[in-house]
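To keep things clear, I will list the structure first and then write my remarks on it.
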Amino acid sequence: MSSPSVSNHHGQHHGEDDPLAHASLHGYLLGFIFAVILTAIPFIIVMGEAFSSSRITSLVILAIAAVQIVVHVVYFLHLDFRAEEGWNVLAIVFTLVLVVITLSGSIWIMYHLDHNMMPMSPVDMRNRP
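So the sequence shown is numbered by my numbering: it starts at 611 and just counts up by one.
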């Protein structure tokens, strides 16, 4: 038995396994709304100084960024764990590895720059050779 197909206004047919069959205006609008909200929340947190510790602020922003990545993958890239014989799973795992390497490397570099590039005090300036 063949899979049911959906015809669009151009006369093209999209079956159940076709990613274009799952794309809809409603899905894109929902993804856009989630993305805007997940962008506004960190902005409000930073501008309103919602947390007393910068570490807590950083962790909350990183968590929201991870959720936003999931929103983009699901609503805009239409990747899930069901389709295309595991290729989507491989793409998601590869993306997660790259994101972890990029985020941890960026945080590590920023921490060491902050620690090693502290401004010198006037006393330190006088003792320079």
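No residue lacks a Cβ here, since even glycine has one placed at the ideal position from N, Cα and C.
Note that this is a predicted model, so its numbers are computed, not measured.
- The Cβ atoms of V681 and F644 lie closer than 8 angstroms to each other.
- About 16 angstroms separates the CB atoms of Q678 and L708; that is not less than 8 angstroms, and the two are not in contact.
- Per DSSP, reduced to three states, the secondary structure at A675 is helical.
- Between the beta-carbon of T667 and that of I651 there is about 12 angstroms, and that puts the pair past the 8 angstroms contact cut.
- The distance from the Cβ of L672 to that of L713 is about 7 angstroms, consistent with a contact at the 8 angstroms cut-off.
- A distance below 8 angstroms between beta-carbons, with the five flanking residues on each side excluded, links F661 to the following residues of its chain, in chain order: I655, T667 and V670.
- Under the DSSP assignment, L639 falls in the alpha helix (DSSP H) whose first and last residues are L635 to M657.
- L689 is a Cβ neighbour of A701, given a cutoff of 8 angstroms.
- Shortest Cα-Cα distance from A633 to any of F686, T705 and G715 involves F686.
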